[in-house]
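Remarks on the structure that follows.
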Amino acid sequence: MAEWKSRICLCLTGLTLEDDLRLLESGRGFADLAELRADFLDPAELPHLASFPKRAGLPVILAIRRRRDGGLWNGQEVERRGLFSRALSGGYAYVDLEEDLEDPSLAEAVKRAGTRVIRSGRDIAGVPERLAERVRSLARKPGEIPKLAVMPASTRELPALVDAYQQLGGEEKILIGTGEFGLFSRILATKLRSFLTYCFVAGGKQAAPGQLDPRLLVELYRFRKQDRETFVCGVIGNPIAHSRSPELHNRGYEALGLNGVYIPFLVDDVPAFFELAEMLDLRGFSVTMPHKRAVMNHLDERDNSLERIGACNTVVRRRHGGWYGTNTDAEGFLTPLEAQAPGLVRPETRATVIGAGGGARSVVYALCSRGIRPLILNRTPDKARALAEAFSCESGGLDDEGISRMRKNADLIVQATGAGMEPDPEADPLPGYRFSGSEVVYDLVYQPLMTVFLQRAKQAGCRIVSGLAMLFSQGAAQFKHFTGLEFPREALDPQNLIVK
Ligand code: NAP
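Mapping of the sequence shown onto this note's numbering: position 180 corresponds to residue 182, and the numbering continues sequentially without gaps.
Spelled out as structure tokens, the structure:
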């Protein structure tokens with residue numbers, strides 16, 4: 003017997019039925035069914051609702067959501083019920099009725115049409131207590147599919163949501179965590195056994211916060227390939243939506259045919275996330291700002307580098323339980339440098355690191371681990387001094403004196419400040435420094451790919467290394483921690499290291 007899989011439902015929120023058909027076309031091939039949100043339609047379209055299922059050519063849910071339930075319908079209730087009854091003769095596979103809607107003539111129309119009822123509730127004020135019971139209580143008759151959308155307001159509410167999935171097990175239901183905190187529940191609908199997951203396509207209006215494009219769900223998050231055994235990894239941060247890590251890891255799983263998925267988790271509470279990670283049986287996760295220090299309090303074992311770098315960017319589940327933490331930034335920094343400037347990483351090399359933040363600290367650690375003691379220059383000289391003292395290096399400010407000292411430490415120059423990064427790509431941390439052309443110049447900034455600093459270095463004839471190379475190579479090192487396998491380079495476009 004084929005394994006049970008959740009379904010992808012495309013929400014149609016056009017102003018006309020023609021608009022909805024266009025939205026459907028752009029999602030066809032990715033969606034299993036569609037939900038026609040008739041409350042978004044122009045009133046002139048409503049007499050034609052019965053014609054829609056045949057034109058759609060896939061199973062359709064009819065929903066006419068009232069304003070008080072988060073929809074746009076503000077007409078008479080009697081009119082809405084009449085619309086439902088008349089439309090059902092058109093062959094809707096499902097109809098979405100609110101938990102308080104009890105109407106004998108509508109019930110008769112539902113029965114006559116052979117339509118299944120989705121009985122929906124909506125709890126926007128966070129995750130309610132006794133959630134599993136609340137879901138079960140929604141169905142009014144046998145055969146109805148209970149549906150509840152809850153909106154978690156914090157990571158702290160997520161263990162209760164997952165607990166409800168676990169209590170409900172294989173019972174038929176639609177349970178969705180909306181918003182960015184709930185995103186994982188949309189992606190893991192098969193594992194969590196939600197009857198369906200809702201999506202929207204560009205051009206349509208998002209019917210609920212956090213809905214994804216179905217193409218992304220299928221192509222990036224590998225929704226069709228997921229099953230109950232799929233292993234889960236992810237990245238935590240706040241904010242997290244910009245992260246490139248899901249592209250890297252999911253493309254790697256795809257290229258190697260691994261049964262895994264990698265998810266972005268918006269996290270505002272690290273201890274609660276560790277609880278969630280246990281419940282979801284996470285294999286490991288990447289850590290980005292601002293949690294790189296906070297996760298260190300929850301590790302059962304740690305790599306020696308963590309104390310020196312002062313930050314953990316990789317957490318891996320240990321074979322016999324508990325969590326191991328490491329940092330792949332140093333390896334991620336060195337790998338592309340050794341590839342693009344062979345022989346440079348040796349103790350005799352004279353180097354300068356510009357910046358004294360978290361990125362600079364990993365770079366200084368990496369260089370010192372190879373016997374190179376760089377000069378550290380920073381806009382705020384005190385911070386450069388503190389970092390230099392921790393690693394027995396020299397330091398200075400970003401001034402004329404710093405520049406002249408830099409000239410004597412310029413086999414390798416590493417730009418590790420945020421200057422030149424979007425949204426201020428014109429900034430240059432050291433406009434006064436003239437490259438001779440013999441320096442190897444490495445810029446940690448990866449957005450944009452070519453910073454002004456890197457452009458100037460290239461024009462002067464320097465060999466350059468971009469921050470994207472570091473980003474992907476620290477991600478590839480994480481990939482190995484999570485899977486035990488080398489990251490498949492063929493999943494990357496070698497021209498610019500953009501994930502294919
Ligand atoms: P951070 O801890 O906040 O440190 C920021 C550093 O940038 C500080 O030294 C700060 O100097 C300096 N800075 C900021 N704006 C500046 C300006 N306009 N002129 C001169 N100096 C300036 O940040 P971080 O985590 O180290 O990140 C720094 C950059 O590296 C970011 O662009 C980040 O995306 C990038 N990064 C890339 C990777 C990668 O994998 N490619 C890894 C880590 C970091 P003050 O001390 O004077 O404030």
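C-beta: ideal position from N, C-alpha, C; glycine also.
**Report entry** Beta-bridge pairing of T328 - partner residues as DSSP gives them
**Finding:** T316
Requested in this report: Consider the C-beta atom of T419 and the heavy atoms of the ligand NAP; say whether any pair is separated by less than 8 Å.
Outcome: Yes, the Cβ of T419 comes within 8 Å of a heavy atom of the ligand NAP.
Query raised in the report: The beta strand (DSSP E) spanning E37 covers which residue range?
Result: For E37, the enclosing beta strand (DSSP E) covers residues L35 to R39.
Requested in this report: Could you check the C-alpha separation between S247 and G477 for me, to the nearest Å?
Outcome: 7 Å
Query - E231 versus D430, L250 and D283, residue with shortest Cα-Cα distance - result: That would be D283, whose Cα lies nearest to the Cα of E231.
Query raised in the report: Should the region 24–40 be called in touch with the region 202–219, which here means at least 3 C-beta pairs below 8 Å?
Result: yes
Query - Local Cβ density within 10 Å of S438, reported as buried at 16 or more and exposed below that - result: Around the CB of S438, fewer than 16 other CB atoms lie within 10 Å, so the residue is classed as exposed.
Query raised in the report: Where do the ends of the alpha helix (DSSP H) carrying G85 lie?
Result: At residue 85 the sequence reads Leu, which differs from the Gly that was named. Per DSSP, the unbroken alpha helix (DSSP H) holding L85 starts and ends at E79 to A89.
**Report entry** Enclosing beta strand (DSSP E) for S28 [first to last residue]
**Finding:** Per DSSP, S28 belongs to no beta strand (DSSP E); it is in the alpha helix (DSSP H), L19 to G29.
Report task. Using beta-carbon positions only, say whether V186 and F287 come within less than 9 Å of one another. Result -> The sequence given here has Phe at residue 186, not Val. Result no, Cβ atoms of F186 and F287 do not sit closer than 9 Å.
Requested in this report: Go through its chain and collect everything with a Cβ distance to E37's Cβ below 6 Å, but skip five positions before and after it.
Outcome: C11, C13, I63 and A65
Report task. Answer with buried or exposed for A341, where buried requires no fewer than 16 other C-beta atoms within 10 angstroms of its C-beta. Result -> exposed
Query - Nearest to I378 (by Cα), restricted to the options R387, R372, C370 and Y435 - result: Of the candidates R387, R372, C370 and Y435, R387 places its Cα closest to the Cα of I378.
**Report entry** Whole beta strand (DSSP E) elements within the region 278–310, 3-residue minimum
**Finding:** Qualifying beta strand (DSSP E) stretches, in chain order: 286–289.
Query raised in the report: Could you give the C-beta distance for C160 and F183, rounded to a whole number, given that I count them as a contact under 8 Å?
Result: The amino acid occupying residue 160 in the given sequence is Leu; Cys does not appear at that position. Confirmed, Cβ separation roughly 7 Å.
Requested in this report: Answer with buried or exposed for G324, where buried requires no fewer than 16 other C-beta atoms within 10 angstroms of its C-beta.
Outcome: exposed
Report task. Hey, could you find the ends of the alpha helix (DSSP H) Q457 is sitting in? Result -> V454 to Q461
Report task. Name the residue from A151, R348, A95 and E173 whose alpha carbon lies nearest to the alpha carbon of A210. Result -> A151
**Report entry** Inter-residue spacing [alpha-carbon to alpha-carbon] between Q417 and E101
**Finding:** 59 Å
Report task. Tell whether a beta-carbon distance below 9 Å holds between I415 and M423. Result -> Contact flag unset, no.
Report task. Run the proximity test for T328: is its beta-carbon closer than 8 Å to any non-hydrogen atom belonging to the ligand NAP? Result -> No; taking the cut-off as 8 Å, the Cβ of T328 has no heavy atom of the ligand NAP nearer than that.
Query - Under 9 Å between C-beta atoms of V297 and V318 - result: For V297 and V318, no; Cβs fall outside 9 Å.
Query raised in the report: Quick one: what does DSSP say K149 is sitting in, helix, strand or coil?
Result: strand
Query raised in the report: Quick one: what does DSSP say V443 is sitting in, helix, strand or coil?
Result: In the three-state reduction of the DSSP assignment, V443 falls in the strand class, which pools E and B.
**Report entry** Cβ separation of S475 and L456, assumed to be a contact under 8 Å, to the nearest whole Å
**Finding:** Contact doesn't hold; Cβ gap of about 17 Å is too wide.
Query - Expected contact under 8 Å - CB spacing of I265 and G239 to nearest Å - result: 12 Å between Cβ atoms; not a contact.
Query - Local Cβ density within 10 Å of I500, reported as buried at 16 or more and exposed below that - result: Low confidence applies to I500: its pLDDT is 45, below 50, so where it sits in the model is not reliable, and the reading given next is rough at best. The residue is exposed, with fewer than 16 neighbouring Cβ atoms inside 10 Å.
Requested in this report: Locate the beta strand (DSSP E) running through S556, then write down its first and last residues.
Outcome: Nothing can be reported for residue 556, as the shown portion of the chain is limited to 3 through 502.
Report task. For M291, count neighbouring Cβ atoms within 10 angstroms of its own Cβ and tell me buried if that reaches 16, exposed if not. Result -> Classification of M291: exposed, given that the 10 Å Cβ count is below 16.
Query raised in the report: Using DSSP with H/G/I as helix, E/B as strand and the rest coil, what is N380?
Result: strand
Query raised in the report: Assuming F54 and V220 make a contact with CB atoms under 8 Å, what is their CB distance in whole Å?
Result: Not quite, the Cβ-Cβ distance comes to about 24 Å (not below 8 Å), so this is no contact.
Requested in this report: Taking only the alpha-carbon atoms, compute the straight-line gap between G259 and R375 and give it to the nearest angstrom.
Outcome: Those two C-alpha atoms are separated by around 43 Å.
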